[in-house]
Each structure stands twice: as structure tokens, then as C-alpha cells.
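Listed in order, the protein sequences are those of chains A and B. The number in our numbering is simply the position in the first sequence, starting from 1, with 210 added. The number in our numbering is simply the position in the second sequence, starting from 1, with 131 added. Remarks on the structure that follows.
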Amino acid sequence: MSKKITIDGRELVFEQDKTLLQVARENGIYIPSLCYHEKTGPASKCRVCVVEVDGMKGLQTSCSVAAKEGMVVRTDTETVREAQRMVVNLLLSNGNHNCLSCECNGRCELQDAAYFLGIERPPFIIEERQERDSSGAFILRDAEKCIECGRCIEGCNRLVVNEVLDFGYRGGHTKVICDEDAPMGESTCVQCGECVQMCPVGALIENKYIGVARAWETKTVRTTCPYCGVGCQLDLHVKGDQIVRVTGTEGAHPNQGHLCVKGRFGYDFIYSNERLTTPLIREGENFREASWDEALDLVAGKFKQIIKESGPDAIAGVSCARSINEDSYNMQKLFRAVIGTNNIDHCART
Amino acid sequence: MKTTERDAKIQELIGKYPKKESAILPVLQFLQKEEGNTLTREAIEEAAQKLDCSTSKVYGIATYYTLFNTKPVGKYHLQVDTCVPGFLHGADAIVDHIAKKLGIKRGETTKDGLFTLSTVQDLGSCATGPVIQVNDRYFENMTIEKTDQLLEGLKKGNWPENDTSMKVVSQCGILINDRTQKDCRALAFYKKNGGYQSFEKALGMKPEDIVAEVKAAEIRGRGGAGFPAGTKWSFLPKNDPRPVYLICNADEGEPGTFKDRQIMEYNPHLLIEGIAVSAHALKAAKAFIYIRGEFGWIADILETAIGEAKDAGYLKHVDIVVHRGAGSYVCGDETAQIESLEGKRGNPRVKPPFPANSGLYGCPTVVNNVETLSCVPYIIKNGAAGFKKIGVPNNFGPKIFGVSGHVKAPGIFEYPMGTPLKEILDAAGGVKGKMKGVIVGGLSVPILTAKEAEGLVLDYDSCAKAGTALGSGGIIVVNDTVSIPELALRTIEFYHHESCGQCVPCRRGSLTIESKLRDIVAGRGQSEDIDLILSLCKNIKGLTLCPTGEAFAAPVQAMVAKFRPEFEALVKR
Ligand SMILES: Cc1cc2nc3c(=O)[nH]c(=O)nc-3n(C[C@H](O)[C@H](O)[C@H](O)COP(=O)(O)O)c2cc1C
Ligand code: SF4
Ligand code: FES
Numbered sequence: 211m212s213k214k215i216t217i218d219g220r221e222l223v224f225e226q227d228k229t230l231l232q233v234a235r236e237n238g239i240y241i242p243s244l245c246y247h248e249k250t251g252p253a254s255k256c257r258v259c260v261v262e263v264d265g266m267k268g269l270q271t272s273c274s275v276a277a278k279e280g281m282v283v284r285t286d287t288e289t290v291r292e293a294q295r296m297v298v299n300l301l302l303s304n305g306n307h308n309c310l311s312c313e314c315n316g317r318c319e320l321q322d323a324a325y326f327l328g329i330e331r332p333p334f335i336i337e338e339r340q341e342r343d344s345s346g347a348f349i350l351r352d353a354e355k356c357i358e359c360g361r362c363i364e365g366c367n368r369l370v371v372n373e374v375l376d377f378g379y380r381g382g383h384t385k386v387i388c389d390e391d392a393p394m395g396e397s398t399c400v401q402c403g404e405c406v407q408m409c410p411v412g413a414l415i416e417n418k419y420i421g422v423a424r425a426w427e428t429k430t431v432r433t434t435c436p437y438c439g440v441g442c443q444l445d446l447h448v449k450g451d452q453i454v455r456v457t458g459t460e461g462a463h464p465n466q467g468h469l470c471v472k473g474r475f476g477y478d479f480i481y482s483n484e485r486l487t488t489p490l491i492r493e494g495e496n497f498r499e500a501s502w503d504e505a506l507d508l509v510a511g512k513f514k515q516i517i518k519e520s521g522p523d524a525i526a527g528v529s530c531a532r533s534i535n536e537d538s539y540n541m542q543k544l545f546r547a548v549i550g551t552n553n554i555d556h557c558a559r560t
Numbered sequence: 132m133k134t135t136e137r138d139a140k141i142q143e144l145i146g147k148y149p150k151k152e153s154a155i156l157p158v159l160q161f162l163q164k165e166e167g168n169t170l171t172r173e174a175i176e177e178a179a180q181k182l183d184c185s186t187s188k189v190y191g192i193a194t195y196y197t198l199f200n201t202k203p204v205g206k207y208h209l210q211v212d213t214c215v216p217g218f219l220h221g222a223d224a225i226v227d228h229i230a231k232k233l234g235i236k237r238g239e240t241t242k243d244g245l246f247t248l249s250t251v252q253d254l255g256s257c258a259t260g261p262v263i264q265v266n267d268r269y270f271e272n273m274t275i276e277k278t279d280q281l282l283e284g285l286k287k288g289n290w291p292e293n294d295t296s297m298k299v300v301s302q303c304g305i306l307i308n309d310r311t312q313k314d315c316r317a318l319a320f321y322k323k324n325g326g327y328q329s330f331e332k333a334l335g336m337k338p339e340d341i342v343a344e345v346k347a348a349e350i351r352g353r354g355g356a357g358f359p360a361g362t363k364w365s366f367l368p369k370n371d372p373r374p375v376y377l378i379c380n381a382d383e384g385e386p387g388t389f390k391d392r393q394i395m396e397y398n399p400h401l402l403i404e405g406i407a408v409s410a411h412a413l414k415a416a417k418a419f420i421y422i423r424g425e426f427g428w429i430a431d432i433l434e435t436a437i438g439e440a441k442d443a444g445y446l447k448h449v450d451i452v453v454h455r456g457a458g459s460y461v462c463g464d465e466t467a468q469i470e471s472l473e474g475k476r477g478n479p480r481v482k483p484p485f486p487a488n489s490g491l492y493g494c495p496t497v498v499n500n501v502e503t504l505s506c507v508p509y510i511i512k513n514g515a516a517g518f519k520k521i522g523v524p525n526n527f528g529p530k531i532f533g534v535s536g537h538v539k540a541p542g543i544f545e546y547p548m549g550t551p552l553k554e555i556l557d558a559a560g561g562v563k564g565k566m567k568g569v570i571v572g573g574l575s576v577p578i579l580t581a582k583e584a585e586g587l588v589l590d591y592d593s594c595a596k597a598g599t600a601l602g603s604g605g606i607i608v609v610n611d612t613v614s615i616p617e618l619a620l621r622t623i624e625f626y627h628h629e630s631c632g633q634c635v636p637c638r639r640g641s642l643t644i645e646s647k648l649r650d651i652v653a654g655r656g657q658s659e660d661i662d663l664i665l666s667l668c669k670n671i672k673g674l675t676l677c678p679t680g681e682a683f684a685a686p687v688q689a690m691v692a693k694f695r696p697e698f699e700a701l702v703k704r
């Protein structure tokens with residue numbers, strides 16, 4: 211049953227079990243938020259999503275307060291704005307959020323909040339320097355941009371259950387750690403990149419993306435991952451005709467945005483000079499280019515010869531995990547019905 | 132220790148808890164001891180493996196709690212408490228003296244590996260400061276001379292006696308016993324003075340009737356918030372199949388507060404009887420005493436007393452586990468304490484849900500302060516009416532006030548609620564010098580100027596009316612030799628050090644205020660910095676996830692607002 215709520219004077223209809231932030235978002239009302247992500251739920255840590263609710267004392271975090279029939283909510287009072295500006299200023303005050311050079315310029319939740327609140331530059335700076343961790347094969351960690359929202363940690367532990375990341379230390383020294391605060395590249399991290407996808411700012415970025423494109427220069431193309439039979443949904447971020455970045459499609463089956471290291475980072479093979487474009491036939495130590503007809507004739511002829519000499523069980527087939535179900539089905543059909551052997555397997559099983 | 136013994140010990144620790152992960156602090160404490168006072172990488176891996184959790188989780192915990200050393204320390208770790216009470220009692224001079232004598236700076240270790248010097252935040256020894264904690268032992272009432280003796284002794288491997296002396300006055304005689312008696316901790320001593328009679332009486336009562344009696348006594352929680360205990364108890368869901376847990380909050384971490392340890396250290400059976408009666412009333416079969424890790428020897432005293440009570444048959448209905456914290460003030464917050472007991476970092480939880488509905492392991496849980504639970508036996512024995520003969524309306528019962536700072540005889544004072552501040556200060560020998568201000572409820576409450584404190588009566592309502600709070604009843608007196616900007620800096624240093632770091636206004640707000648106050652105290656500050664601090668304090672209040680934000684914003688704001696000229700005088704023109 212739908213219910214009614216008033217936000218900033220607008221009467222809105224909402225469904226059961228929604229938070230104030232969700233109702234506002236669905237109705238195009240922007241409330242800055244940083245630690246909330248729909249996959250990890252409310253964390254109530256950044257305190258930037260605050261609103262005023264009639265009858266409730268003090269500011270409320272809209273990400274965690276459930277919408278209730280008849281609530282009257284204001285997202286735009288001076289008290290709210292003052293609190294929000296303070297939170298964003300406190301985060302910007304380490305002086306390291308340099309949008310000019312940041313890969314996330316244009317797709318940063320902190321930048322969105324600062325822009326919305328009219329913050330041009332942080333009014334106070336508390337200098338702080340931290341090393342970047344570039345030891346990961348695909349992921350760069352920039353602790354200076356980290357806002358300790360914990361979304362990467364939740365993603366790592368609760369969503370993909372790799373259990374590599376956690377918070378270490380305390381208070382102003384709190385930071386995201388891998389294992390025993392090891393460099394990412396020396397840790398048990400498998401570089402699945404879920405953390406990158408969960409990061410609201412530029413603290414976790416894809417190595418390969420650095421200096422390649424700005425958010426507004428790319429368009430996204432949705433596709434299915436070619437690596438295995440799961441069929442994960444991908445968004446290819448394409449600049450011109452080049453893929454520059456891959457993210458998992460949020461809210462889509464079967465992967466809900468999660469990807470493995472291959473699906474997320476293994477896209478550049480398509481631009482490799484070493485990629486084969488014609489069949490090659492071995493002659494002595496070397497290969498020579500051939501046409502498809504010639505190559506297939508050769509293989510078929512050799513198969514026939516082996517069957518004649520040694521019987522069909524002298525041949526075995528391994529189907530590739532990157533092929534779709536229908537192709538794998540046809541492969542086993544070819545082996546059983548045409549070649550006449552049960553020697554057929556699939557590489558994902560071996 | 133042999134591997135098999137080591138494994139057995141770990142399994143024994145795990146066995147004390149309903150869930151494995153809860154043993155994480157005890158296991159790390161045990162391993163740290165085994166490894167010579169350092170938590171090695173191997174020990175962390177071992178704990179992770181034994182407790183089935185990730186290495187990052189264990190490392191995150193090891194670096195959250197300050198009593199774990201992930202980096203090696205010297206054989207004797209000299210930890211001087213330089214927080215506000217320690218500072219007022221002259222701890223800085225002790226630190227400087229040790230530094231000079233050993234030729235090391237704070238945080239450094241002598242070349243021979245014998246001594247590490249650290250300054251630490253509040254050790255809960257406020258009236259007996261300066262205090263030095265050496266490994267897990269306290270040395271109170273330190274002077275330069277005694278420090279020299281301590282160092283000389285340690286060099287030879289000798290531990291001197293600790294001097295715990297301070298003024299002790301108990302007008303009510305309910306919570307504080309006669310500690311001059313050698314056997315004051317023993318069951319026999321306690322029973323001789325009427326101990327466990329209340330428990331015998333309670334056994335004959337229906338649990339609901341005990342709850343009703345405590346409710347009628349209108350006892351307000353002594354942990355700081357002053358919430359009526361009986362009302363809290365009655366929030367437990369009725370006819371719920373889940374187990375109920377009782378947690379006794381013995382974290383006592385707020386600077387100026389050292390009252391709970393007076394009960395636990397000298398009168399442990401009073402608390403145990405309180406827990407026994409309360410557990411019967413709440414139908415809790417398991418109770419925890421969460422005691423701050425620094426009070427290791429007090430935890431031992433409690434365990435001994437629990438053993439005695441068990442043998443005497445008083446604890447058939449409840450299993451009491453003494454759980455040692457590991458160095459975190461925020462774990463005094465009830466939801467952080469629950470998280471910590473579940474084997475996590477001590478990050479407070481978002482409320483609702485409240486612990487009564489979903490606390491430890493998601494089960495109904497009551498968290499009460501040591502002093503609150505220690506009042507329960509008196510209430511049951513004398514009835515609500517008897518209890519209400521002590522104190523003033525809406526603020527009944529006895530209260531332990533701790534007085535530290537600039538008084539002639541710092542100490543501990545058990546008086547009825549509603550006693551005038553002046554009477555307590557007189558009992559503490561009067562103010563040393565001229566009073567500049569007084570903090571009456573632990574460091575988290577706004578300071579009162581000497582003028583504002585005139586005629587103040589110590590109860591929750593009167594303190595609130597005076598623009599401050601009774602809090603934990605930790606009274607810190609500040610005389611006119613003290614620079615308030617320096618006091619404010621010490622205050623924020625404590626909270627920044629203790630902030631769990633979860634939410635932005637507290638984590639970065641305390642860091643920013645600390646940095647600005649440090650600039651001001653060092654003469655590098657600007658006039659705008661004062662306004663920035665005030666505006667941060669104003670906005671932080673009420674914005675944080677737990678009350679810690681308010682706990683530093685309110686006192687710092689009061690110090691700056693009430694003594695602004697002192698800050699102005701330090702900034703650049
Ligand atoms: C940061 C923080 C620290 C606290 N420390 C303590 C403490 O050391 N001891 C205590 O009893 N209560 C402490 N409290 C209050 C507890 O959350 C809780 O209210 C109390 O233990 C309830 O017991 P009571 O009702 O008997 O007072 C603290 C609260 C906060 C927010
Ligand atoms: S206010 Fe926030 S950061 Fe501070 S202790 Fe509470 S939860 Fe942690
Ligand atoms: S988004 Fe609500 S507190 Fe961070």
C-alpha cells in the first residue's frame with residue numbers, strides 16, 4: 211500500500227520500507243550522500259545526508275530513517291546546509307582533493323556534494339600527506355582522497371566476500387587496510403575491483419584508466435562478458451572507438467555489478483597486435499597464414515586419418531569456457547555424433 | 132608455552148563466550164603476553180586462523196585498541212597519563228624528567244631495549260596522579276623522587292610498591308566499604324557486614340517484583356546519562372524466546388572518573404551481589420563485566436570474588452564473565468561495548484534499535500554502570516522507600532564523587548545525591564589556590580566558572596539547570612594557574628585520540644579543532660581560528676553518530692566561549 215510524505219513542501223507517494231533518502235532520490239530531490247550505497251545500505255557515517263523531520267529532535271540522517279506516513283521533511287533549511295557544508299569542508303580540508311587531476315572528476319559524489327553546497331575551496335586546511343599504494347596490478351589506492359566511508363570494505367567483505375579489506379587504526383588515523391596493512395599487491399587481494407566500483411571518490415581507481423579519459427568523454431555500452439559462461443553484465447566505457455574502462459552493470463542479473471579480475475580488467479587483448487586474425491598452419495618450426503577453408507580442410511583431413519588409423523577414441527575435445535552454452539552443446543554433438551567418441555570435456559571443469 | 136598448551140588456552144578462552152569471535156580480545160591479550168608484549172604478524176595470523184576471521188579484521192582490531200603493541204616496545208613500557216587530571220597534577224614534569232634521565236623522547240625506546248616512554252590518555256587514576264603505568268602495573272601519586280626510585284628499581288628488576296593513598300570519605304556507607312581492613316575484598320568480610328542478604332531476599336521475590344521495586348526506587352543510571360534503570364529494565368521485550376544478556380559497564384574511561392574502580396577494587400562482592408540480583412530480575416543467564424583493560428589487577432580481584440560467590444552457591448542462575456577491554460574510551464558507550472564484546476572494533480551502533488530489543492548477538496540486552504548495579508542490593512534490602520530516603524526528589528540514592536585537580540586532598544567521596552558542591556570540595560580539603568573553574572561531571576561536560584559554580588548542588592537536574600551535567604560525578608577543579616587554552620587542547624587531544632573514527636564530524640572535527648588549538652597555544656593561531664573552533668563545536672553537537680561528538684564539542688565550546696580573552700591573548704594580531 212502506498213503512503214504519503216511531504217518533502218520540501220511536495221507531497222510524495224512512497225512504498226513501504228523505503229528510507230527518506232530513497233524516497234527523495236526517486237522523486238528527483240537531491241540530498242548529498244557519501245557513505246550510502248544501495249548495495250551496502252545505510253552506514254550513517256558521513257552525516258552529510260541530514261535533513262530535518264517535524265517532531266524529531268535534531269538532524270536526522272536520511273539514509274537510515276525510514277519514511278513513515280505523514281512525515282514532514284525539509285532537506286533545505288539553513289541548519290541542514292550548515293551541517294552539510296561543515297562535513298564536506300572537513301573532508302576537503304586535508305587539501306588533497308584536487309579535481310583538476312583526478313580521474314573521478316565528473317563522477318565523484320564528494321564533488322557533487324561540494325558543488326551543490328556552493329563550496330569553491332575548503333575554508334581551512336589541515337595538511338596531511340599519505341603515500342599512494344601503486345603495488346596492485348590493476349588498482350591504485352590513493353589514501354589522500356579516501357573519505358573512510360567504508361563502502362569498499364563492505365563490498366569486499368559482505369558482497370564479494372574476499373575479506374581482504376578492513377578499517378585499521380582509529381580516530382583521525384583510521385584508514386582502509388589490506389590484510390595486516392600490507393601493500394595491496396602483496397596482500398591476498400585478487401583485484402576483482404569491487405572496491406573500485408563502490409568508491410564514491412577517486413581513492414580507488416583503475417591503473418589503466420589513469421590519464422586516458424574524463425568521465426564526460428566516454429559513452430557506456432552494455433554487453434555480456436565474453437570470458438565465461440556466467441554471463442556477467444558489463445558496461446564498457448568507450449572513448450571514440452576504444453574501450454577505456456569496464457564496470458559491472460549495477461542492478462542487473464546475474465552479477466549485480468560484481469566482476470572478476472578478468473571481466474573488469476582483461477579487456478585490452480582486443481587491441482593487441484599479437485592477436486591472431488587468420489588461421490596459421492605450422493610448417494616445420496614456423497607458421498604460415500592460411501585461409502579458413504584451407505585450415506578447416508586440413509584439420510578435417512587429419513581427423514579422418516586418425517580415426518581410420520586409431521579409431522575415434524584417439525581424439526578428444528575440450529570446449530572453451532568462453533564459448534556460449536549453445537556452442538558448447540554443438541561441440542559435444544560434433545564429438546559424439548560426428549566423430550563418434552565420448553572424449554569431450556570443458557575447460558571450466560578441469 | 133608448548134603449542135598444545137597454547138592451543139588449549141585459546142580454546143579455553145573461546146569457550147567462555149556464546150560466540151567464538153567474542154574471544155578476539157582475550158586471545159590477542161594472551162598472545163601478546165606470550166610473545167613478550169608485542170603482537171607479532173604471526174600471532175595475528177594465528178588469531179585469525181583460530182577465530183575463523185580475516186587477517187584484516189584482526190589487524191584492524193589490534194590497531195584500534197591501544198593496549199595492543201603491533202610494534203615492539205621496551206621491556207618496561209612507561210606510560211604517563213598526561214590527560215587533564217594528570218596534567219593538573221603535574222604529569223608533564225614527570226615525562227620531561229624521564230625523557231631527560233633516559234635520554235629518549237616520547238615514543239622512543241632506550242638503546243638497551245629496557246624502557247619505552249609514552250604519554251597516554253586517561254588511566255582512571257585521577258585523584259592519585261601523576262600516574263605511570265609500567266606494562267600492566269600502576270604507580271600512582273608519583274613524584275620526581277619516586278620516579279627515580281622506580282627507574283632504578285626496574286633496572287635491577289625490582290618493582291616498588293604502589294602508593295594508592297588518597298582521601299576517602301563515605302557519608303552514606305553503602306558503596307564504599309572500609310578499605311583499611313586487609314580482608315575487605317573477601318566474601319567473609321562482606322557477609323559479616325550483611326552481604327548477600329539482599330540476594331537471599333531477592334530469590335524469594337518474583338523477577339517482575341524486583342524490576343518494579345527498582346523502578347519505584349527511581350534510581351538514575353550512574354554511567355553518565357542518568358537514565359532511570361528500572362525504566363530501562365522494563366523495556367526488555369516480554370515472552371521473548373531469545374536469551375537476555377546483562378552487561379555491567381566497567382569501562383570507566385572518562386577523564387575525571389575513577390569511582391567504579393573503588394567498588395570493584397575494594398568491595399567486589401557488592402557489585403557481584405548487584406549483578407546476581409539484577410540477573411535474577413532480568414532472567415539473564417549470562418552476564419558480562421566489561422572492564423577497561425588497564426584495570427587488569429582489578430579484573431583479577433573480580434574473578435577471585437566471582438569464584439568465591441560461585442562456591443558459596445550465589446551464582447547458580449547466572450554465569451558472570453569478566454571481559455577485559457583493550458584500551459578504548461568509546462567502548463564505554465553501550466553500543467560500542469556490545470560491538471567490542473562481539474569481537475569487533477569498538478564502533479558505536481546506530482540507534483534504534485536499542486539494546487533492550489537488539490543488543491549483544493542481536494538479543495535483548497541491558498547495559499548498566501557498576502555504580503548503578505551496586506545500588507541494587509540496597510534497594511532490594513531496604514525497599515524503594517528506604518532508598519528514596521537518601522538524596523533529593525528525582526535524584527535519589529548515594530553517589531560516589533571523585534575529586535581531582537586543584538584541591539588539597541583529592542579523593543573519593545560517597546555522599547547523597549543533591550549534596551552541595553562546596554561540601555564535597557570542603558571534604559576534599561578545599562581548593563588549592565584560587566578556583567578558576569570546575570568541571571563537575573567528567574571531562575565531557577561544560578566547565579563552570581568559579582562564579583557559576585557558587586551554590587551549585589550536585590544532582591542531575593540542578594547541574595542541567597546550571598548549564599552543565601552531573602555526568603559520572605567526576606569533579607575536576609582548575610585553579611587560576613591553569614591556562615584554559617592549554618586545558619582545551621588537552622581535552623580535544625583526548626577525544627581525538629579516542630574517537631572511533633567512524634563518522635566525519637567527530638573524526639575530522641576533533642582533528643581540526645586539535646590542530647587549531649595547538650596553533651593557538653603555540654602562538655601561531657589566528658583570530659579566525661577561534662571562530663572556526665566555535666562554529667565547528669556548534670555544528671558537531673547533535674550531528675555525530677554517537678554522543679562522543681557532543682562530549683568534546685560541548686566542553687571545548689564552553690572553554691572557548693567562557694574564557695575567550697585567554698584565547699584572544701594568544702593569537703596573532
Ligand atoms: C563515549 C561514551 C563513553 C561512555 N563511557 C561509559 C563508561 O565508561 N561507563 C559507563 O557506565 N557508561 C559509559 N557511557 C554511558 C553508556 O553508554 C551507558 O549509558 C551506561 O553504561 C548505562 O548505564 P547506566 O544507565 O547504569 O548509567 C559512555 C557513553 C559514551 C557515549
Ligand atoms: S561520534 Fe562518530 S567517530 Fe566519534 S566516537 Fe561516535 S561514532 Fe565514532
Ligand atoms: S549517506 Fe547518510 S550518513 Fe552517509
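Beta carbons are placed, not taken as given, at the ideal position from N, Cα and C, and that holds for glycine. All figures in this text were calculated on a predicted structure; none of them were measured in a lab.
Indicate whether at least one CB of chain A lies closer than 8 Å to the CB of residue i.
i: B/C677; result: no
i: B/P486; result: no
Which residue wins for smallest C-alpha separation from residue i, given the options the options?
i: A/E373; options: B/G191, B/C677 and B/C668; result: B/G191
i: A/E460; options: A/E404, A/Y481, A/D507 and A/D451; result: A/E404
i: B/L701; options: B/P495, B/A684 and B/D650; result: B/D650
i: A/F334; options: B/T679, B/K693, B/P678 and B/S646; result: B/S646
i: B/A343; options: B/A595, B/C506, B/A412 and B/A416; result: B/A412
i: B/S153; options: B/G514, B/E502, B/G474 and B/R655; result: B/G474
i: A/R284; options: A/V454, A/I217 and A/Q401; result: A/I217
Going by DSSP in three states, residue i sits in which element: helix, strand or coil?
i: B/V204; result: coil
i: B/Q180; result: helix
i: B/V481; result: coil
i: B/S365; result: helix
i: A/H247; result: strand
Confirm the yes/no value for this check: CB of residue i, any heavy atom of ligand 2, distance under 7 Å.
i: B/Q252; result: no
i: B/P386; result: no
i: B/N478; result: yes
i: A/L301; result: no
i: B/G632; result: yes
Does the beta carbon of residue i come closer than 8 Å to any beta carbon on chain B?
i: A/T384; result: yes
i: A/R474; result: no
i: A/I336; result: yes
i: A/R257; result: yes
i: A/I387; result: yes
Less than 7 Å separating the Cβ of residue i from some heavy atom of ligand 3?
i: A/P410; result: no
i: A/R331; result: no
i: B/R639; result: no
i: A/V258; result: yes
i: A/A276; result: no
Under 7 Å from any heavy atom of ligand 5, does the C-beta of residue i make it?
i: B/Q468; result: As far as ligands go, the structure on display features ligand 1, ligand 2 and ligand 3 and does not contain ligand 5.
Using only the heavy atoms of ligand 1, determine whether one of them is closer than 7 Å to the beta carbon of residue i.
i: B/R695; result: no
Residues of the segment 258 to 277 of chain A whose Cβ lies closer than 9 Å to any Cβ of chain B, in chain order: V258, V260, K267, G268, L269, T271 and S274
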